[in-house]
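Step one of this worksheet: look at the structure below.
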DNA sequence: AACTGGCCGTGACGTCTGTCATGACGGGCC
DNA sequence: GGCCCGTCATGACAGACGTCACGGCCAGTT
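Chains as they are written, first to last, in this note's numbering: chain A, 10 to 212; chain B, 10 to 212.
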């Protein structure tokens, strides 16, 4: 019986190695590649031809969701399992839109990882049911593209004037977008709006 | 030869299990306890008598640094190795003040973990030299206790009035503390001040 | 005893923020 | 063709924010 070939992507070297050790304990699983950046996923996959790619969301270069989209486009035979620290509703949504087969939160029991890999390899979907419910409840992002841009630019504490300069907008326009983002997130200032939007994976 | 007894604490179950798998690959290391909360560290250690405790910083109940302090007080024979996602200067400082023997960042190479455990077990100190330099450069927190409190309260986007109410202060006093925290962090508003203080581990 | 530094407060000042009304332009939709 | 919606802008306003000067209180130095 052939072992399941797995590619592993996580920016934290220690965690990546540990996950590899965990998966390698399983007799029917083989880790054929390990990468630490999102933009290394596709090249490594083309080289090693894994059946399953286990991707973290937070990675330098390219995030795991974008890497998932690129991978399913370039190598449709390889199925994606997203593994992430944050059970954010928007992440799951984007992961599914990117053609992923599974979505696992990092505080799931350790035994579940190998299980998830097997199911994904078999073409089954793996999703934490609780998280799926939260995603449906949260719905899609209510923000427009520009409102999102402005919130992203506001994340580091920039003033409206600085954001305006960076996005080539007038200061008043920036304030307008911030205002509508604040009302859509049901918050009372930009700081809360950024926090809520981040927690929902809207940024 | 006796194997090194290790206690493992990390709130992310999957990561914890993976680290356990990684350490268990070493013939001279034995994981005798796994916990997911900071306040479970001491009880588990008293039960299982490990020689080394590998603690994550971010944990519910009690953070890893506080757990380290409690552990070295209750069970001085057990040495602490802090393992964390964030290489923040203030973390290292607090870890050392709590009596830890080692400090490892999670994107260190996987091989280094077992090595660090062995060194710590032998009574040697293990610190990323680059991080140590950054800590010395950054120095101790310039914030007073109250400035810190106010910044913590401001983290979620609360207004000055709300912070004042929560901390039983006048609104003007809150603005004064925020102002001095802003000037000490070299920033230009509370949002940047919170960000900088967080990055340096001052909160 | 004088000094320093943290804590807490007040009042005043100018600037930044958040909101609202209003308008122009373009693209999609029935 | 109208209609809605997203984009971009302006002007005005109240309220929040950040700064400064100033005071009183207490604990610990020197």
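Glycine residues also receive a C-beta, built at the ideal position from the N, C-alpha and C atoms.
Within its chain, find whatever has a CB closer than 8 Å to the CB of residue 173/A; leave out the 5 residues flanking it on each side and keep chain order.
Here the set comprises 179, 180, 182, 183.
Do the segment 30-41 of chain B and the segment 21-33 of chain A make contact, defined as three or more Cβ pairs closer than 8 Å?
Yes, since at least three Cβ pairs between the segment 30-41 of chain B and the segment 21-33 of chain A fall closer than 8 Å, the two stretches touch.
Pull up the CB-CB distance for residue 113/B and residue 102/B, whole angstroms please, since I reckon it's below 8 Å.
About 16 Å separates the two Cβ atoms, so there is no contact after all.
Note down, in chain order, all residues in the segment 183-199 of chain A with a beta-carbon under 9 Å from any beta-carbon belonging to chain B.
Answer in chain order: 196, 197, 198, 199.
Please return the same chain residues whose Cβ sits closer than 7 Å to the Cβ of residue 80/A, not counting the five positions on each side in sequence.
The residues are 50, 51, 54, 62, 87, 89.
Is it true that the CB of residue 211/B sits closer than 8 Å to the CB of residue 157/B?
Their beta carbons are under 8 Å apart, which means residue 157/B touches residue 211/B by this criterion.
Within 8 Å (strictly less), CB to CB, does residue 30/A reach chain B?
By this cut-off, residue 30/A is an interface position.
Given a cut-off of 8 Å on the beta-carbon distance, is the pair residue 144/A and residue 98/A in contact?
Closer than 8 Å, so yes.
Residue 63/A by DSSP, collapsed to three states: which one?
Strand.
Here's the rule I'm using: 16 or more other beta-carbon atoms within 10 Å means buried, otherwise exposed. How should residue 153/B be labelled?
Per the 10 Å Cβ criterion, exposed.
In this structure, does DSSP put residue 196/B in helix, strand or coil?
Looking at residue 196/B - three-state DSSP - the assignment turns out to be coil, as it is neither helix nor strand.
Can the beta-carbon of residue 110/A be found less than 8 Å from the beta-carbon of residue 126/A?
Not closer than 8 Å, so no.
List, in order along the chain, the chain A residues whose C-beta lies closer than 8 Å to that of residue 25/B?
119, listed in chain order.
I want to verify the contact list: residues of chain A whose CB lies under 8 Å from the CB of residue 21/B, in sequence order.
Within chain A, the residues near residue 21/B are 94, 115, 116.
What is the DSSP secondary structure of residue 119/B, reduced to helix, strand or coil?
Three-state result, residue 119/B: coil.
Can you tell me whether residue 192/B is buried or exposed, with buried defined as 16 or more other CB within 10 angstroms of its CB?
With fewer than 16 Cβ atoms within 10 Å of its Cβ, residue 192/B is classed as exposed.
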